[in-house]
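Asker: In terms of this note's numbering, the sequence shown opens at residue 2 and continues consecutively.
I'd like to ask you about the structure that follows.
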Amino acid sequence: MTKRRRRFKQTQSLEIRLAAEAERLREKAKTAPPGAKREELVRKARQFEQGLHMSEWLRMPELQSPK
């Protein structure tokens, strides 16, 4: 028996979802007590922000192939 892929139609762009998740993690980190858990939340938020910047960078018109 083969596994079927679960496909979802995304209603928001990748950039919007990355920014929202980074903001959610930063807000959660603000309320977390100092320690390893808080540092983990901040690190994950930073990773989402870096992903957002990479996605925006890759979509720049200067990087598109000539048509």
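Even for Gly, the Cβ is constructed at its ideal location relative to N, Cα and C.
Could you check whether A23 and L53 sit closer than 8 Å to each other, using their CB atoms as the reference points?
Answerer: Locating residue 53 in the sequence shown gives position 52, where the first residue counts as 1. Locating residue 23 in the sequence shown gives position 22, where the first residue counts as 1. Yes, they are a contact pair.
Asker: Which residues in the same chain have their Cβ closer than 8 Å to the Cβ of L19, if we skip the five residues on either side of it in sequence?
Answerer: Stepping through the sequence shown from its first residue, residue 19 is reached at position 18. Closer than 8 Å at Cβ, skipping near neighbours: F49, E50, G52, L53 and S56.
Asker: Which residue marks the beginning of the alpha helix (DSSP H) containing F49, and which one marks its end?
Answerer: Within the sequence shown, the letter at position 48 stands for residue 49. Start and end: A37 to L59.
Asker: Taking Cβ to Cβ, would you say A46 is nearer than 8 Å to A33?
Answerer: Counting from one through the sequence shown, the residue named residue 46 turns up at place 45. Counting from one through the sequence shown, the residue named residue 33 turns up at place 32. Going by C-beta atoms, A46 is not nearer than 8 Å to A33.
Asker: Could you compute how far the alpha carbon of K38 sits from the alpha carbon of L26?
Answerer: Looking up residue 38 in the sequence shown gives position 37. Looking up residue 26 in the sequence shown gives position 25. About 11 Å.
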